[in-house]
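Below is one structure, written out as structure tokens; comments come after it.
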Amino acid sequence: MGQSYNGFCIRIAFDSEKERCYLVVIDRLTKSTHFIPVRTDYSLDRLAELYIAEIVRLHGVPILIISDRDPRFTSLIWKKLQEALSNWEKYLSLVEFAYNNSFQSSIKMASYEALYGHKCQTPLYWTELS
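The sequence shown maps to residues 9 to 138 in my numbering.
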């Protein structure tokens with residue numbers, strides 16, 4: 009199987025009639041897309057929390073984020089994402105992610121690998137315990 013690329017493109021699409029928008033997250037390799045409804049008044053903290061709950065939980069921490077917004081937006085999102093990740097007890101979804109990436113002796117691989125057909129690639133350092 010080819011090497012997976014964990015780079016995501018973020019777009020915000022506005023629905024002017026309903027005064028809401030959507031965080032559109034696209035995996036650049038597979039073109040798999042997530043549409044996350046958000047409000048225009050959401051803070052970057054809230055957007056980072058949603059990103060963790062909806063994207064990191066399923067795919068891991070991205071290696072790269074590309075945005076159609078100002079480069080300062082991408083920089084702020086990275087900063088808020090790092091801040092949010094430092095408060096791990098708030099994010100049970102990350103515990104779920106870690107569990108699903110742990111070796112399961114009954115299936116001789118991690119659940120993530122069984123589900124997606126490849127090992128999860130993440131910039132976080134995972135240590136194997138013997």
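From the three backbone atoms N, C-alpha and C, an ideal C-beta is built for every residue, glycine too.
Distance from the Cα of E104 is smallest, within the candidate group L66, I85, K116 and C128, for L66. The beta-carbon separation of A118 and Q112, rounded to 6 Å, stays under the 8 Å limit for a contact. Among the bridge pairs identified by DSSP, T41 is matched with I34. Between T41 and C29, the C-beta spacing is not below 8 Å.
Here Q90 is not bridged, per DSSP, to any residue.
Counted as a single uninterrupted DSSP element, the beta strand (DSSP E) harbouring S75 occupies residues L72 to S75.
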